[in-house]
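Using the working numbering, the first residue of the sequence shown is number 3, and each one after it goes up by one.
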Amino acid sequence: MIPNNPEEALSSQERRKTDRKKLIVDVEFEGGDATGISNTRDIGIGGLYITTEAELKTGDEISLKMTFGGQEFAVNGVVAYVDEGVGVGVRFKDLTYDQISHLKRELEVD
């Protein structure tokens, strides 16, 4: 659950509903007033964490593009939480069946 007040901290359990695996890949992102290239720190079926100093806010819509498992992966998401000056957690939005299948296969989850 995302708090009503973006200043409220989320526990790791509240931040994500699915487990994440450490996976570091380059990612292009665009959202809020920011655009750039960064890398992931971890990724799961429900979202990912990217390292960035870009000024993104909780609730910002964000588009992401990356390649892993030999396949380009483009997805939209919402910034779920911000670690100021370090990175952001992103919750995926509107994943297709093929995207979910690709994530499950590459992350080796059911």
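Even for Gly, the Cβ is constructed at its ideal location relative to N, Cα and C. If you're wondering where the values come from, they're calculated on a predicted model, not measured in any experiment.
In this structure, S65 and I52 do not form a Cβ contact; the two beta carbons are roughly 12 Å apart against a cut-off of 8 Å. When K24, F94 and E57 are compared, the shortest CA-CA separation from G38 is found for E57. Fully contained in the segment 20-103 are the following beta strand (DSSP E) runs of length 3 or more, in chain order: 22-24, 28-33, 36-46, 49-53, 63-70, 73-85 and 89-95.
Remark: C-beta atoms of I26 and K106 do not approach each other more closely than 9 Å. With respect to G34, K67 sits apart: the two C-beta atoms are not nearer than 9 Å. The beta carbon of D28 sits closer than 7 Å to the beta carbons of I39, N41 and M68 from its chain, once the five residues preceding and following it are set aside; these are given in chain order.
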